[in-house]
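**Q** No gaps in the numbering here: position 67 of the sequence shown is 463 in our numbering, and each next residue is one more.
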Amino acid sequence: MSLHPLLNELIHHVLPVVQDFHRQGMFAPHAASIDSTGELSGHALTTDGTNQLSVSQAIEHFESKFSLQAKSHEIQATGIFYHSPGIDASAKIVSLPPANTTDECRAIVALLEHSLGDSVYLIIPYSGQLPEIEYSSGKLVEKPTRVFPHKSNSTNKPWWKLW
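#1: On the three-pair Cβ rule with 8 Å, is the region 498-506 touching the region 436-443?
#2: Select from Glu509, Val414, Ser398, Tyr531 the residue whose C-alpha is nearest the C-alpha of Gln465.
#3: Can you give the beta carbon distance from His418 to Ile529, rounded, assuming they're within the 8 Å contact cut?
#4: Please state whether DSSP places Lys539 in a helix, a strand or coil.
#5: Does Ser511 pass the burial test, meaning 16 or more other C-beta atoms within 10 Å, or should it be called exposed?
#6: Can you tell me which of Gly524, Leu492, Ser398, Val543 puts its alpha carbon nearest to the alpha carbon of Tyr478?
#7: When every heavy atom of the ligand GDP is checked, does at least one fall within less than 8 Å of the C-beta of Val413?
#8: Under 8 Å, with one C-beta from each stretch per pair, do the region 424-438 and the region 469-476 reach the 3-pair mark?
#9: I'd like the list of long-range same chain contacts for Val537, defined as Cβ closer than 6 Å, with 5 residues on each side in sequence excluded.
#10: Assuming Asp514 contacts His400 under a Cβ cut-off of 8 Å, what Cβ separation, rounded to an integer in Å, is found between them?
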């Protein structure tokens with residue numbers, strides 16, 4: 397499976413940062429976007445210490461924020477990175493839930509989307525103990541679109557069909 401070049405760029409710039417934070421014992425989700433001019437921006441959540449967000453809430457925050465930017469055509473690519481225990485095979489769809497504790501962390505997952513339709517999970521399993529982490533090769537798996545509006549083919553009628 398090949399990815400749009402902007403998603404490759406996003407991965408190559410952001411993944412080393414996520415891995416560096418991981419080696420330092422930081423497991424918080426990170427996100428990045430590429431705007432309409434091609435500029436890459438990193439995103440992280442901070443709190444005042446009184447409010448705690450779960451990883452799921454942080455992912456929902458990034459998806460919501462990026463969805464608004466996508467609707468106004470401000471961005472063209474996004475990535476949300478978090479730690480997961482791995483693929484949950486108990487359902488009929490691919491699910492990569494966030495880890496609830498650091499002991500459950502077995503993979504870095506990136507939710508990658510591009511405005512032209514690419515929407516994939518990047519799954520990077522890892523092993524070892526901090527700071528000596530070994531990362532395996534990443535795997536791409538298609539995922540449902542959450543950020544960019546789904547483009548329906550029903551509006552693209554063939555030229556030969558009467559309207």
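Glycine is no exception: its CB is placed at the ideal position from the N, C-alpha and C atoms.
Nothing here was measured: the structure is a model prediction, and the numbers come from that model.
**A** Taking the definition as stated:
#1: no
#2: Position 69 of the sequence shown, counting from 1, holds the residue named residue 465. Of Glu509, Val414, Ser398, Tyr531, the residue nearest in Cα terms is Glu509.
#3: On the sequence shown, residue 418 is found 22 positions in, with the first residue counted as 1. On the sequence shown, residue 529 is found 133 positions in, with the first residue counted as 1. Going by Cβ atoms, the distance from His418 to Ile529 rounds to 6 Å, so yes, they are a contact pair.
#4: The count along the sequence shown starts at 1 and reaches residue 539 at position 143. Lys539 falls in the coil class under three-state DSSP.
#5: Here residue 511 refers to the residue found at position 115 of the sequence shown. By the 10 Å Cβ count, Ser511 comes out buried.
#6: As a working note, residue 478 is residue 82 in the sequence shown. Closest by alpha carbon: Leu492.
#7: In the structure on display, the ligand GDP does not appear, and there are no ligands present to speak of.
#8: yes
#9: Translated into the one-based positions of the sequence shown, residue 537 becomes position 141. Within the same chain, Val537 has close Cβ partners Val490, Tyr517.
#10: Position 118 of the sequence shown holds residue 514. Position 4 of the sequence shown holds residue 400. So it is a contact: roughly 5 Å between Cβ atoms.
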